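K.L.:
Okay, here's the structure, questions in a sec.
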Ligand SMILES: [Zn+2]
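If you want it as C-alpha cells, here you go:
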C-alpha cells in the first residue's frame with residue numbers, strides 16, 4: 001500500500017487502476033485529490049483515498065501565545081509569536097503580533113521600552129481573530145516570562161515585583177512581568 005503527500009489536483013492514478021474514495025475524484029479518466037494530505041493507494045483493493053492533513057492551528061482570539069519582542073516603538077511593539085499554549089502548537093515560521101502600549105498593563109506606561117526589551121519572551125492573549133494579531137499582556141498571568149539584561153544580556157531573575165541582573169547588580173523596576181516568569 002503506497003502512501004505519499006499530495007496537494008489538490010495531483011494525479012493519484014487512473015480509473016483503470018483505482019476507484020476514487022474519500023477526498024479523491026475522477027475526471028477524464030484520471031484520479032486526483034481535492035485536499036492537501038496523505039494519499040493512500042491500495043493496489044490489491046484497487047482503491048485510493050486521501051487523508052486530509054491537519055490544518056495548522058493558527059492563533060485565534062482568546063488564545064494564549066508566547067512571543068519574542070522583535071521591534072519596539074514608543075507606542076507599539078512588534079513580536080514574533082512562536083508558540084500557541086492554548087493549541088499546543090509550535091510555529092517554526094512565527095506569526096507577527098502587535099502589542100499596543102495601552103494593552104500592556106492596567107498601569108500607565110510612558111513607553112513600551114519601560115515594560116519590555118528586545119529579544120524578551122512574553123506570554124500574551126490574542127485579541128484578534130486573524131492577522132495582524134493584536135495582543136494584550138494585561139493581568140498577572142501575562143507579560144514577561146523571560147527577559148535579558150539590556151547591558152550584558154544575562155537572563156534576569158525575578159525578585160519580588162522587580163527583575164534583577166546578578167551580573168550588573170542592577171534592578172529593573174518597571175518591567176511588565178507575568179506570574180509565570182521563568183527565573184526566580
Ligand atoms: Zn546585566
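Numbering (this note's numbering), first residue to last: 1 to 184. The beta carbon of each residue, even a glycine, is placed where N, CA and C say it ideally should be. These numbers were taken from a predicted model, which means no experiment stands behind them.
For my contact list, residue 97 and residue 135 are in at a C-beta cut-off of 8 angstroms; report their separation, rounded to the angstrom.
P.N.:
5 angstroms
K.L.:
Return yes when at least one heavy atom of ligand 1 lies under 6 angstroms from the C-beta of residue 105, else no.
P.N.:
no
K.L.:
Heavy atom of ligand 1 less than 6 angstroms from the Cβ of residue 88, yes or no?
P.N.:
no
K.L.:
Roughly how many whole angstroms lie between the Cα atoms of residue 75 and residue 168?
P.N.:
28 angstroms
K.L.:
Does the count of Cβ pairs from the stretch 55–71 and the stretch 117–137 closer than 8 angstroms reach three?
P.N.:
yes
K.L.:
Is the beta carbon of residue 84 closer than 7 angstroms to that of residue 65?
P.N.:
yes
K.L.:
Using a Cβ-based criterion (distance less than 6 angstroms to any ligand heavy atom), does residue 173 qualify as near ligand 1?
P.N.:
no
K.L.:
With a 10 Å radius around its C-beta and 16 neighbouring C-beta atoms as the bar for buried, classify residue 95 as buried or exposed.
P.N.:
So residue 95 counts as buried.
K.L.:
Shorter than 6 angstroms, the distance from the beta carbon of residue 178 to the closest heavy atom of ligand 1, or not?
P.N.:
Residue 178 Cβ: outside cutoff for every heavy atom of ligand 1.
K.L.:
Measuring only the C-alpha atoms, how far is residue 30 from residue 10?
P.N.:
10 angstroms
K.L.:
I'd like to confirm the pairing. Which residues does DSSP put opposite residue 84 in its beta bridges?
P.N.:
In the DSSP assignment, residue 84 is bridged to 65, 89.
K.L.:
Which residue spans inside the stretch 120–159 form an unbroken beta strand (DSSP E) run of at least 3?
P.N.:
121–126, 133–136, 143–146, 157–159
K.L.:
Hey, how far is the Cα of residue 178 from the Cα of residue 5?
P.N.:
Straight across, the Cα-Cα distance linking residue 178 with residue 5 is about 42 angstroms.
K.L.:
Considering only heavy atoms of ligand 1, does any lie closer than 6 angstroms to the CB of residue 169?
P.N.:
Result no, Cβ not under 6 angstroms from ligand 1.
K.L.:
Give a yes or no on contact between the stretch 39–53 and the stretch 9–24, applying the rule of three or more CB pairs nearer than 8 angstroms.
P.N.:
yes
K.L.:
Nearest-angstrom Cα distance between residue 53 and residue 38?
P.N.:
7 angstroms
K.L.:
Mind reading off the beta-carbon distance from residue 36 to residue 8? Whole number of angstroms is fine, and I expect it under 8 angstroms.
P.N.:
That belief holds up - the Cβ atoms of residue 36 and residue 8 are roughly 7 angstroms apart, short of 8 angstroms.
K.L.:
If we count the other Cβ atoms within 10 Å of its Cβ and call it buried at 16 or more, is residue 106 buried or exposed?
P.N.:
exposed
K.L.:
Take the Cβ of residue 153 as the centre, count every other Cβ of all protein chains shown within 10 Å, and call the residue buried at 16 or more, exposed below.
P.N.:
exposed
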